[in-house]
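Sequential numbering from 1 applies to the sequence shown in the numbering used here.
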Amino acid sequence: MEYKVITVNDSIGPVGAEISGVDLSQPLSAGIKDELHAAWLRHRVLFFRQQDLAPKQLARFAANFGELDIYPFIDAVNSHPNVIPIIKEPDAQLNFGGAWHVDTTYLERPPKATILYGVEVPNQGGDTLFADATSAYQTLSNGIRSMLESNSGIYTAKIVHGSHGSYTEPASRDSLGSAYTGDAEKAELEVDHPLIRTHSETGNKSIYCSLPHTHRIKGWTREESLPLFKFLTKLIVQEQFVTRFKWQKGSVAMWDNRCVFHNAMNDYHGEKRHMLRVIVKGDRPV
Ligand code: SIN
């Protein structure tokens with residue numbers, strides 16, 4: 001597609017592109033929406049700089065791409081039910097999203113997009129890494145592809161948010177801040193999704209199972225499944241698939257959860273990081 005309004009710089013890394021020429025705080029014309037949508041499908045992550053967004057403006061921007069969803073484990077900000085704060089205080093230890101994952105894959109209809117906005121970011125560190133799970137899939141042999149494609153995974157929030165989850169012990173909960181609800185009962189639900197997902201708009205296949213949210217391959221034990229999940233994660237996070245995004249106050253990242261893994265770095269102890277996040281509902285993965 002020829003872009004008439006936005007400028008797209010895709011030289012920032014293996015996945016993603018930096019977009020300029022658009023003010024996300026304003027309602028977008030149909031033409032700009034189409035350009036952003038096309039750039040997003042093509043580059044999988046869009047980055048914007050120097051935006052100034054109140055929660056309602058962030059939500060209005062996100063709603064250009066579909067119906068907004070409610071994140072089940074963090075209370076929304078007062079001014080908008082779909083916008084959650086992700087805050088790490090200077091003395092907290094644990095960070096939210098600090099492992100390679102795809103967002104909220106344990107929902108029946110996991111989000112197609114996540115949009116994250118930097119309100120206050122550390123001087124050093126706190127970058128987010130993004131990995132291209134489509135390009136990683138393309139490096140798999142036909143043998144492992146067909147084994148993965150003929151199986152499905154059991155996805156659940158319990159590994160992280162369940163009663164024995166990594167976020168649930170009191171010190172971790174405190175570290176994640178008062179908005180973290182960690183509803184252990186909700187976290188026990190399990191849902192069956194493919195291990196390899198076919199993108200509903202591009203038709204591309206991607207690795208979809210991630211260590212924090214996929215409990216096991218259906219019909220296998222967790223012990224049997226984990227080595228495979230570890231192998232796939234190691235494959236996806238190789239340098240040739242990963243872009244590192246350095247946040248500034250006012251930066252926005254919008255990633256395609258159908259084909260991108262991400263990981264929030266936890267390397268800024270003593271500094272605060274405050275983000276706002278919105279998710280856009282997707283289809284049931286196939
Ligand atoms: C997330 O996993 O959605 C949070 C990512 C980040 O804070 O960089």
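Quick reminder that beta carbons are idealized off the backbone N, C-alpha and C, glycines included.
Scanning the segment 31-115 from its first residue to its last, the whole beta strand (DSSP E) runs of 3-plus residues come out as 45-48 and 84-88. Rounded to the nearest whole angstrom, the C-alpha separation of G162 and E188 is 6 Å.
Relative to the ligand SIN, even the nearest heavy atom lies 7 Å or more away from the CB of G177. Remark: fewer than three beta-carbon pairs, one from each stretch, lie closer than 8 Å, so the segment 256-270 and the segment 21-35 are not flagged as touching. Restricting attention to P14, G13 and I19, the CA atom closest to the CA of T7 is found in I19.
A straight-line Cα-Cα distance of about 17 Å links K249 and V278.
In this model, K186 and V15 are separated by some 33 Å (Cα to Cα).
Residue state for H164 is assigned as coil, using DSSP reduced to three classes.
Taking E108 as the centre and dropping the five residues before and after it, the same chain places the C-beta of V191 and R284 closer than 7 Å to its C-beta, in chain order. Relative to the ligand SIN, the beta carbon of H161 is positioned no closer than 7 Å to any heavy atom. Annotated as distal: A253 and L140, with beta-carbon spacing of 8 Å or more. For T214, the pairing in a beta bridge is given by DSSP as Y155.
In this structure, M265 sits near L129, with a CB-CB distance shorter than 8 Å.
Taking the Cβ atoms as the reference, S172 lies roughly 7 Å from S166, within the contact range of under 8 Å. Counting along the chain, no alpha helix (DSSP H) covers F261; the unbroken beta strand (DSSP E) around it starts and ends at V260 to A264. In this structure, DSSP gives A17 an extended state, which the three-state scheme calls strand. Burial is judged here by how many other beta carbons sit within 10 angstroms of a residue's own beta carbon; T233 has at least 16 and is buried. The secondary-structure analysis by DSSP pairs T139 with nothing; it has no beta-bridge partner.
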